[in-house]
Amino acid sequence: MLKAVLFDMDGVIVDTEPLHKKAYFKMFDEVGINVSQELYESFTGQSTLNICKRLVDDFKISEDPQTLVAIKRKHFKYLFENDESLALLDGVEDLIKEYFNNGLTLVLASSASMPNINRIFERFNLNQYFIAKLSGADLNESKPHPEIFEKAAIASGFRPSECFVIEDSTNGIKAAKGAGIFCVGYNSHHSKNQDYSKADLVIQNFKEIKFSEISKHF
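Position one of the sequence shown corresponds to residue 26 (our numbering), numbered consecutively onward.
Dropping the structure here:
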């Protein structure tokens, strides 16, 4: 029986990807590296620190990964506070409220940093619906490792078989399946070059997983 929903954030609840992309490329410029679109897309779903570790290794950057993280976050904070285009994805607020009103336990499991998670949740008044928020940046392993969803299931208080994950990235789907959790792949127009083949169910609209529909899978 379905008891809990484990939400990714970026690309599922809010489309901060354009802001993250702008912030990353401002950081790339600042440290003098040329990152291709293909390489950038391969980072989807990974924590900022792990991405910056890879950049330091691949480009032999003199700055340490933590410095790159700080530069990227500086640019993202400015964009978050000044870019008025940021909004919740279509239909997700109604979905969150419907799940909550039907007694499901909601947990956030995101690769974003906790400060960014809190900014989003405060801006859109989402804290009232979620019992826990987990940041991949604060865990030992990054997606596609299953750690974040293993711990999110524990935080929900239910077995993995009583939970499902909503993810929009290849790495996130791999992490959910690695944790033994039913995974819905959200293939929206915001997602670019991601692989949904390992998801248990692929959707393009949140109406496809309203409470009455998703419950049929449990």
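Cβ coordinates follow ideal geometry from the N, Cα and C atoms, glycine included.
>> My assumption, with CB atoms under 8 Å, is that A157 sits in contact with V132. Please give the rounded CB distance.
In response: Position 132 of the sequence shown, counted from the first residue, corresponds to residue 157. Position 107 of the sequence shown, counted from the first residue, corresponds to residue 132. Taking 8 Å as the upper bound for CB-CB distance, A157 and V132 are in contact here, some 5 Å apart.
>> My output table needs one value for V56: the three-state DSSP class, helix, strand or coil.
In response: If you number the sequence shown from 1, residue 56 lands on position 31. Looking at V56 - three-state DSSP - the assignment turns out to be helix.
> With which residues is I142 paired in a DSSP beta bridge?
Replying inline: In the sequence shown, counting from the first residue as 1, residue 142 sits at position 117. I142 is not bridged to any residue.
> How many angstroms separate the CA atom of H100 from the CA atom of A134?
Replying inline: Numbered from its first residue, the sequence shown carries residue 100 at position 75. Numbered from its first residue, the sequence shown carries residue 134 at position 109. Computed Cα separation, rounded: 23 Å.
> At a cut of 8 Å, does the segment 186-199 reach the segment 162-178 through at least three beta carbon pairs?
Replying inline: Because the criterion of three Cβ pairs below 8 Å is met, the segment 186-199 and the segment 162-178 touch.
> Nearest to V94 by CA position, among L31, L74, Q62, F50, is which residue?
Replying inline: Locating residue 94 in the sequence shown gives position 69, where the first residue counts as 1. V94 has its Cα closest to that of L74, out of L31, L74, Q62, F50.
> I think S136 touches A162, with their Cβ atoms under 8 Å apart; what is that distance to the nearest whole Å?
Replying inline: Reading the sequence shown from its first residue, position 111 is the one you call residue 136. Reading the sequence shown from its first residue, position 137 is the one you call residue 162. Going by Cβ atoms, the distance from S136 to A162 rounds to 7 Å, so yes, they are a contact pair.
> Between the C-alpha atoms of C208 and D54, what's the straight-line distance to the nearest angstrom?
Replying inline: Locating residue 208 in the sequence shown gives position 183, where the first residue counts as 1. Locating residue 54 in the sequence shown gives position 29, where the first residue counts as 1. C208 and D54: Cα-Cα distance of roughly 36 Å.
> For K217, which residues of its own chain have a beta-carbon under 7 Å away from its beta-carbon, when the five flanking residues on both sides are left out?
Replying inline: Here the question's residue 217 lines up with position 192 in the sequence shown. Hits under 7 Å: E66.
>> Can you tell me where the beta strand (DSSP E) holding L111 begins and where it ends?
In response: Position 86 of the sequence shown holds residue 111. Note, L111: premise wrong, no beta strand (DSSP E); not H, not E.
> What did DSSP end up calling A95 once you bin it into helix, strand or coil?
Replying inline: Counting from one through the sequence shown, the residue named residue 95 turns up at place 70. If DSSP states are grouped into helix, strand and coil, A95 belongs with the helices.
>> T130 and F174 - do their beta-carbons sit closer together than 8 Å?
In response: Counting from 1 along the sequence shown, the entry for residue 174 is found at position 149. Counting from 1 along the sequence shown, the entry for residue 130 is found at position 105. No, these two residues do not count as a Cβ contact at 8 Å.
>> Alpha carbons only, please: which of D220, N127, Y103 is nearest the one belonging to H45?
In response: Position 20 of the sequence shown, counting from 1, holds the residue named residue 45. When each option's Cα is compared against that of H45, the closest is Y103.
> From Q219 to Q62, what does the alpha carbon distance come to, in whole angstroms?
Replying inline: Start at 1 with the first residue of the sequence shown, and residue 219 comes out as number 194. Start at 1 with the first residue of the sequence shown, and residue 62 comes out as number 37. When rounded, the distance between both Cα atoms is 13 Å.
> Going by C-alpha distance, which of N230, K202, E233, Y211 is nearest K223?
Replying inline: Position 198 of the sequence shown, counting from 1, holds the residue named residue 223. Out of N230, K202, E233, Y211, K202 has the C-alpha closest to the C-alpha of K223.
> Among the residues of its own chain, which have a CB less than 8 Å from the CB of K235, if the five just before and after it don't count?
Replying inline: The residue labelled residue 235 in the question sits at position 210 within the sequence shown. So the qualifying residues of the chain are L120, E123.
> In this structure, does DSSP put Y211 in helix, strand or coil?
Replying inline: Here residue 211 refers to the residue found at position 186 of the sequence shown. Y211: strand per DSSP, three-state reduction.
> With a CB to CB cut of under 7 Å and the five nearest residues on each side skipped, what residues in its chain are close to K232?
Replying inline: For this step, residue 232 is matched to residue 207 along the sequence shown. Taking C-beta separations shorter than 7 Å and ignoring five residues to either side along the sequence, the partners of K232 in its chain run G116, following chain order.
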